[in-house]
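Protein chains in written order, with this note's numbering: chain H, 1 to 217; chain C, 1001 to 1207. Read through the structure below, which is laid out as structure tokens, and then see the notes.
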Amino acid sequence: MLTTFPLRARTIRGALGPLLALFGLVVLVAGCGSSASTPTAQAAASSSGTITVEQAWTRPMTASMAGMSTATSMAGMAMPSASPGAMNMSGMSTATPMAGMTMPSASPGAMDMDTTDAVYFTIHNNGSDADELLSASSAVATTVQLHQSTLTNGISSMKQVSSVTVPAGGSVSFDPGNYHVMLIGLKHDLNVGDHFDLTLTFKESGTITVSVEVRAN
Amino acid sequence: MHWKRRTTLMVAIAALLVILAGGGAWAAGLVPFGDRGAAIHGSAFDPNTPAPNFTLEEAGNKQVQLNDFRGKVVLLYFGYTYCPDICPTTLATIARARASLGADASKVQFVMVTVDPKRDTPARLDAYVQKFDPSFVGLSGTLAQITPIASEYGIYFQAQSPDSTGGYSVDHTAAVTLIDPQGQRRLLESYGTTSDQFATDIRSLLH
Chain H
1 MLTTFPLRAR
11 TIRGALGPLL
21 ALFGLVVLVA
31 GCGSSASTPT
41 AQAAASSSGT
51 ITVEQAWTRP
61 MTASMAGMST
71 ATSMAGMAMP
81 SASPGAMNMS
91 GMSTATPMAG
101 MTMPSASPGA
111 MDMDTTDAVY
121 FTIHNNGSDA
131 DELLSASSAV
141 ATTVQLHQST
151 LTNGISSMKQ
161 VSSVTVPAGG
171 SVSFDPGNYH
181 VMLIGLKHDL
191 NVGDHFDLTL
201 TFKESGTITV
211 SVEVRAN
Chain C
1001 MHWKRRTTLM
1011 VAIAALLVIL
1021 AGGGAWAAGL
1031 VPFGDRGAAI
1041 HGSAFDPNTP
1051 APNFTLEEAG
1061 NKQVQLNDFR
1071 GKVVLLYFGY
1081 TYCPDICPTT
1091 LATIARARAS
1101 LGADASKVQF
1111 VMVTVDPKRD
1121 TPARLDAYVQ
1131 KFDPSFVGLS
1141 GTLAQITPIA
1151 SEYGIYFQAQ
1161 SPDSTGGYSV
1171 DHTAAVTLID
1181 PQGQRRLLES
1191 YGTTSDQFAT
1201 DIRSLLH
């Protein structure tokens, strides 16, 4: 084992060099391409100046879990098949049959407890100066914060961060288990297939509004 | 010709040494279960011991015991519903693994015990876990009930102080314990285990 490992590592590294060079070239070309076509930004990516944000997504979540449980105990309404969870997993986005039942109380909140969700995306900085993501906002949640999860000795921890630096010519991924935008107190259900706006504020580049896709994973 | 034969011999000797070293390490218990040929991912409990039983509350005032799930592979997880990142990622991964198991899915039970009983009522937990898979079970209780259970399973948890909005997060061990159909504690899956790895490990405990 001791003898094979360095050999294997060297082989991989040897193959990685040209691959990385190729990847770098592709990124460079892509970078030029996107800045040139900024006016016609694709649906999957939003950009402002040198900052591009792409592939923003979140998981489906109900706005009120208390409402859901009331519905469950209320009438035994065939919960398993009607469960939004079941539909999400199979990727369908038909309107939830429960929608009519969870809504009747005109006062959202009060007894209902907040639900949370996390938004993920990738930020590219094509400029020659570093930029900083300072905050995020969205109409779908009462509070929106920048968070980071960390894993230390198998223990997960989550803390709010005041800003996230995007290095010049680099990118930062908001991924499960790392940085995420935390939506606290969802105002309505997020169902698979839905899209909503999230506005990101950068120190240098100002605000960028991205369309977040709700998807099963 | 001579050179070629010597090279072949050296390669053969090297290969033999590698196999012997691997076998030795395995016999000495130095490598996790996952490295024993079959691509088991989780770390094995060695020796297996009975998974400590406990009783907690499910939605609808139901008292549920771990031992109620004997006959199934139980995936035991400690988390909380306000956790927007690590917990949903874990639950979604396990839901995918279960969906990939076909007929074996009926012999798999995911159980989440809350590490935030103050906010996670049984009803709230139930709604949360069912977002991922209608078969999932969420259990709550008092902090005094849950603390010793978590401890028995080697799970650390600690609520952080509230932020400006009054919300708080709970640090917790993000691992999933796999219990076999006979009620033996078998594998520990760390955060980041993929759905394919979960599926493989679950199958290995079923067959």
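Heads up, the beta-carbon is just placed ideally off N, CA and C, and yes, glycines get one too.
The shortest C-alpha to C-alpha distance from H/I184 to any of H/M65, H/T115, H/P60 is the one to H/T115.
Using a Cβ-Cβ cut-off of 9 Å, H/P167 is close to nothing in chain C; its nearest Cβ partner there is about 23 Å away.
Fully contained in the stretch 1068-1113 of chain C are the following beta strand (DSSP E) runs of length 3 or more, in chain order: 1073-1079. Scanning C/A1150, C/P1181, C/G1154, C/D1171 for the CA closest to the CA of H/S156 turns up C/D1171. At least one CB atom of chain C sits nearer than 8 Å to the CB of H/H180. Remark: C-beta atoms of H/V53 and H/F121 approach each other more closely than 8 Å. By DSSP's assignment, H/A45 forms a beta bridge with H/E54. Residue range 1195-1206 is occupied by the alpha helix (DSSP H) that includes C/A1199.
Contact of H/S171 with chain C is not assigned, every C-beta pair being separated by 8 Å or more. Taking a C-beta cut-off of 7 Å against chain H, the contacting residues of the stretch 1155-1184 of chain C are Y1156, D1163, T1165, G1167, S1169, D1171, H1172, T1173, A1174, A1175, listed in chain order.
Residue burial is scored here from C-beta neighbours: H/H180 has at least 16 other C-beta atoms within 10 angstroms and is therefore classed as buried. Separation of the CB atoms of H/S64 and H/I208 is rounded to 30 Å, and the pair is thereby denied contact status at 8 Å. Collapsing the DSSP output to three states places C/A1144 in a helix.
In the structure shown, the three-state DSSP call for C/E1152 is helix. Taking a cut-off of 8 Å for Cβ pairs, the stretch 1145-1165 of chain C and the stretch 1114-1132 of chain C touch, as three or more such pairs fall below it. For C/Y1128, the enclosing alpha helix (DSSP H) covers residues 1122-1130. By the C-beta density criterion, C/S1169 is buried, having at least 16 other C-beta atoms within 10 angstroms. Between C/L1075 and C/F1110 the beta-carbon gap is near 5 Å, inside 8 Å, which marks them as a contact. Contacts with chain C at 8 Å (Cβ-Cβ) do not include H/R215. Bridge pairing for H/Y179: H/Q148 [DSSP]. Interface with chain H (8 Å Cβ-Cβ cutoff): C/S1190 is included. The beta carbon of H/G193 sits no closer than 8 Å to any beta carbon of chain C. The beta carbons of C/L1188 and C/A1175 sit about 5 Å from each other, so the pair counts as a contact at 8 Å. Cβ neighbours of H/A168 within its own chain (closer than 7 Å, five residues either side excluded): N125, G127, S128, D129, A130. H/S149 is classed as buried because its beta carbon has at least 16 other beta carbons within 10 Å across all chains shown. For H/D117, the residues of chain C that pass the 9 Å Cβ criterion are P1084, P1088, in the order they occur in the chain. Of all residues in the stretch 1118-1130 of chain C, only R1119, T1121, P1122, A1123, R1124, L1125, D1126, A1127, Y1128, V1129, Q1130 place a beta-carbon less than 9 Å from a beta-carbon of chain H. Only T116, D117, A118, T143 from the stretch 116-143 of chain H bring a Cβ to less than 7 Å from some Cβ of chain C. Here C/E1058 is near C/V1137, since their CB atoms are less than 8 Å apart. Here the stretch 1149-1162 of chain C makes no contact with the stretch 1095-1111 of chain C; the two share fewer than three CB pairs at distances below 8 Å. CA-to-CA, the gap between H/I51 and C/A1103 works out to about 48 Å. Interface criterion not met: the Cβ of H/S211 is under 8 Å from no Cβ in chain C. Around the beta carbon of H/A139, fewer than 16 other beta carbons lie within 10 angstroms, which makes this residue exposed.
Remark: C-beta atoms of C/V1108 and C/I1202 approach each other more closely than 8 Å.
Put simply, of C/G1141, C/D1085, C/T1194, C/C1087 the residue whose alpha carbon is nearest the alpha carbon of C/K1062 is C/G1141.
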